[in-house]
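Report on one structure; see the data block that follows.
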Amino acid sequence: MSTFTEEPRPAPSNSRLRFGRIPITGVSPVVDCGRFPAKTVPGEDIEVAATVFREGHDRLGVTAVLYDPDGHAVQRTHLRPLGGGTDRWAGTLRPTSQGNWTFTIEGWGDLYATWHHNAEVKIAAGVDVDLMLAEGIRLFNQAAGQDGRPAENAEVLRRAAGAIADEGRSAEDRLAAGGSEEVLAAVRTHPIRSLVTESQRYPILVERDLAGRGAWYEFFPRSEGAVFDPAANKWTSGNFTTAAERLPAVADMGFDVIYMPPIHPIGVTNRKGPNNTLTAGPDDPGSPWAIGAAEGGHDAIHPDLGTFEDFDRFVQSAAAVGLEVALDLALQCSPDHPWAREHPEWFTTRVDGTIAYAENPPKKYQDIYPLNFDNDPEGLSEEVLRIVRLWISHGVKIFRVDNPHTKPVWFWEWLIGEVNATDPDVVFLAEAFTVPAMMHALGRAGFQQSYSYFTWRNRKTEIEEYLTQISHETAAFFRPNFFVNTPDILTEFLQYGGPAAFKIRAVLASMGSPLWGVYAGYELYEHVARPGAEEYIDNEKYEYKARDFARAEAEGRSLAPYLTRLNHIRRAHPALRDLQNLTVHRSTDDATVVFSKHKENLPAADGSEGTGKDTIIVVVNVDPHSARECTVSLDLAALGLDPADLNEDGTFWVDDLISGESWRWGEHNYVRLDAHFEPAHILHIRRSS
535 MSTFTEEPRP
545 APSNSRLRFG
555 RIPITGVSPV
565 VDCGRFPAKT
575 VPGEDIEVAA
585 TVFREGHDRL
595 GVTAVLYDPD
605 GHAVQRTHLR
615 PLGGGTDRWA
625 GTLRPTSQGN
635 WTFTIEGWGD
645 LYATWHHNAE
655 VKIAAGVDVD
665 LMLAEGIRLF
675 NQAAGQDGRP
685 AENAEVLRRA
695 AGAIADEGRS
705 AEDRLAAGGS
715 EEVLAAVRTH
725 PIRSLVTESQ
735 RYPILVERDL
745 AGRGAWYEFF
755 PRSEGAVFDP
765 AANKWTSGNF
775 TTAAERLPAV
785 ADMGFDVIYM
795 PPIHPIGVTN
805 RKGPNNTLTA
815 GPDDPGSPWA
825 IGAAEGGHDA
835 IHPDLGTFED
845 FDRFVQSAAA
855 VGLEVALDLA
865 LQCSPDHPWA
875 REHPEWFTTR
885 VDGTIAYAEN
895 PPKKYQDIYP
905 LNFDNDPEGL
915 SEEVLRIVRL
925 WISHGVKIFR
935 VDNPHTKPVW
945 FWEWLIGEVN
955 ATDPDVVFLA
965 EAFTVPAMMH
975 ALGRAGFQQS
985 YSYFTWRNRK
995 TEIEEYLTQI
1005 SHETAAFFRP
1015 NFFVNTPDIL
1025 TEFLQYGGPA
1035 AFKIRAVLAS
1045 MGSPLWGVYA
1055 GYELYEHVAR
1065 PGAEEYIDNE
1075 KYEYKARDFA
1085 RAEAEGRSLA
1095 PYLTRLNHIR
1105 RAHPALRDLQ
1115 NLTVHRSTDD
1125 ATVVFSKHKE
1135 NLPAADGSEG
1145 TGKDTIIVVV
1155 NVDPHSAREC
1165 TVSLDLAALG
1175 LDPADLNEDG
1185 TFWVDDLISG
1195 ESWRWGEHNY
1205 VRLDAHFEPA
1215 HILHIRRSS
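Take any residue in the sequence shown, note its place counting from 1, add 534, and you have its number in this note's numbering.
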């Protein structure tokens, strides 16, 4: 977009001035006044906004300018006024590659809009008719002669100036020539600007695709291929070789990341038995999070799982089917960890001389020593950095970090900064179920993504509120990964909701966020909890678990085909790959959630650039026990509908990507969803192209 610009004369020299000629305030996305960058991934639309105003009644224009990592202006977007007397303007920018980008907001006097408005009012009233037309002639001729304006654009303005100057036409016709569609198009693409004022530049960190998009699948490698011998009453552990046999099935379901709990040696002291009991039998494997034994610590592999060579082959096998390996980074130790002997200063020592074990009252973890970063912060930090770089050297680029909120935030800012300075593709996921201030601080500190409160948002109002929050209020620094379950978390909704509950949560997670995940067993509807706890009975954290996925699917008892369909829908529709493009719509039922995701400026079906659109409407009955019917009312503007997309009666076609059915929808639509049959519609708006 080139512009005709009248440069403003400088204001009186005064270093204390904070406002430019056109005041610009409240710029977003700006994180802590620009101390931290807003985060995005390539091709994602970023919502930008600012409050821009000026004295008097002249018209304004507002532009967002995007600069690539080399400092070149690569995109200019006209922001639209949001109205309501707020002087708020908004639009989107779309970085295209990784790196450190920046953006600014420009406020400027819109000379054409000011002239046209004043001319319309005065000529209609018979006031200053000749003067207003003369001013239009001068404005158009000056703009046409401005350096940088394309020749064809300048010719449009010159022809308009000539038509306005034709005294043989009525004043109304002469004015109309200055407001023709041709002129409007010319000044829309190349505005006539004055008093251009630019905000400061604000940072945007564009990280790789899997930092902000992806479907995760979690499994315990020791359970994959584990075999129980009834005669000996003993298990034989699975290993990296047997676990690799499960990878093609995970990839076929459309997942992108295979995440494994800690793979290190497990301590013997205070080892936990089945269901978190305090006494373990001689063959109980213990919790993988009780890291460290005689065989080594965080830089070693449990001998039951294999060697580093076996691990390397596992990583290669995952890559061969399109999966990346995510490794658990749990900064804690069993009492048998080498650090407990070699670096007792890295722990908290009680008054009786013992090392404090981990607690999260009422939960106690007698088999785990938490680390203390205050006694030797430099030494401990450097050791953790060494460990992370060791696993990076073995092909790991994603780390799921256990309980990061129990370590200082400064440490994570330092560690992630050090790692990403040399390995910008490395991604850190924060497993932090804690107060929002800490979760958000970890995002600012550098965590690319985080677990979220989605797991416990089950009612309509709280789902709607949370979807709005994560997509519009915190998206600049907090990327939520919507895990539907974890080894520690089996919500009451899944315990008592039956198969419908598993579908409902999967739809909400996979459609509501570009990041989502499941823990193995979800596709088998595992739902029995340990009495008095919100976690699984016979928990895999403390024992082996053999699952027959193939048999369950063959017998029609598996959710795997449904999860596969959801992941394929996600991959096929660009609108589902962005975080900030979600709009909540209304329904008359208190258990029916409706939201849409919309993306524009995509390659069209005919190959033309920037003309395609993708819109998904999700309607979910969040009551797993009944059928619900209601009227769904859509915000049509949020759906980006063009006249060509509409039928003669104003309706448009939607195709259900789950059932394959199609309907004509409009602003208000009747919906009935029976949770026991199919609790959700995932609708794609059929476009004219």
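All C-beta atoms in this analysis are idealised placements derived from N, C-alpha and C, irrespective of residue type, glycine included. Since the structure is predicted, the reported quantities are computational estimates derived from the model, not experimental observations.
6 Å Cβ shell around residue i - same chain, five flanking residues per side excluded
i, result
"residue 753", "1054"
"residue 950", "962, 980"
"residue 840", "773, 774"
"residue 643", "592, 728, 729"
"residue 1161", "1208"
"residue 692", "678"
"residue 1047", "1014, 1016"
"residue 646", "721, 726"
Contact belief for residue i with residue j at Cβ below 8 Å, rounded distance in angstroms
i, j, result
"residue 729", "residue 556", "6 Å"
"residue 749", "residue 1203", "Not confirmed; about 29 Å, so no contact."
"residue 1073", "residue 810", "7 Å"
"residue 488", "residue 943", "Residue 488 falls outside the range modelled here, since the chain spans only 535 to 1223, and no answer is possible."
"residue 1045", "residue 1192", "With a Cβ gap of about 11 Å, residue 1045 and residue 1192 do not count as contacting."
"residue 712", "residue 670", "5 Å"
"residue 893", "residue 935", "Not really, about 20 Å apart at Cβ, beyond 8 Å."
"residue 1023", "residue 1068", "6 Å"
"residue 846", "residue 977", "Residue 846 to residue 977, Cβ: 32 Å. No contact."
"residue 690", "residue 640", "No, residue 690 and residue 640 are not in contact; Cβ-Cβ is about 23 Å, not under 8 Å."
"residue 997", "residue 1028", "No, residue 997 and residue 1028 are not in contact; Cβ-Cβ is about 15 Å, not under 8 Å."
"residue 1076", "residue 815", "Going by Cβ atoms, the distance from residue 1076 to residue 815 rounds to 11 Å, so no, they are not a contact pair."
In DSSP terms, what residue i is bridged to
i, result
"residue 1215", "1153"
"residue 1148", "1133"
"residue 1202", "1167"
"residue 769", "762"
"residue 894", "897"
"residue 859", "792"
"residue 734", "Paired residues: none, contrary to the question."
"residue 1070", "1063"
"residue 867", "903"
"residue 600", "609, 637"
"residue 581", "626"
Same chain, Cβ closer than 7 Å to residue i, neighbours up to 5 away in sequence not counted
i, result
"residue 603", "633, 634, 635"
"residue 1164", "1121, 1122, 1123, 1126, 1205"
"residue 784", "751, 792, 857"
"residue 1145", "1138"
"residue 700", "708"
"residue 1210", "1034"
Exposure label - residue i; buried when at least 16 CB within 10 Å
i, result
"residue 672", "exposed"
"residue 842", "exposed"
"residue 1111", "buried"
"residue 535", "At residue 535 the pLDDT is 48, less than 50, meaning the model places this residue with poor confidence; the figure from the coordinates comes in the next sentence. Exposed, since its Cβ has fewer than 16 Cβ neighbours within 10 Å."
"residue 867", "buried"
"residue 1011", "buried"
"residue 1135", "exposed"
"residue 1201", "exposed"
"residue 1036", "buried"
"residue 681", "exposed"
"residue 1186", "buried"
"residue 575", "buried"
"residue 804", "buried"
"residue 758", "buried"
"residue 724", "buried"
"residue 1051", "buried"
Close-in-space but distant-in-sequence residues of the same chain around residue i (CB under 8 Å, 5 per side omitted)
i, result
"residue 831", "798, 799, 825, 867, 871, 872, 873"
"residue 771", "756, 760, 819, 838, 839, 1078"
"residue 982", "573, 741, 745, 746, 961, 962, 963, 1013"
Item to check | Any 3 or more C-beta pairs closer than 8 Å across the region 561–579 and the region 1111–1118 | outcome: yes
Next on the checklist: Using a Cβ distance threshold of 8 Å, determine whether the region 783–802 contacts the region 844–860, with at least three qualifying pairs required.
Outcome noted: yes
Next on the checklist: Three or more C-beta pairs under 8 Å: does that hold for the region 930–941 against the region 954–973?
Outcome noted: yes
Next on the checklist: Below 8 Å, how does it come out for the region 734–749 and the region 1057–1074: are there three or more Cβ pairs, yes or no?
Outcome noted: no
Checklist entry - Using 8 Å as the threshold, is the region 908–923 in touch with the region 873–893, meaning 3 or more CB pairs across them? => result yes
Next on the checklist: For the pair the region 607–614 and the region 559–571, tell me if three or more CB-CB distances fall below 8 Å.
Outcome noted: no
Checklist entry - Do the region 1016–1028 and the region 989–999 touch if we need at least three Cβ pairs shorter than 8 Å? => result yes
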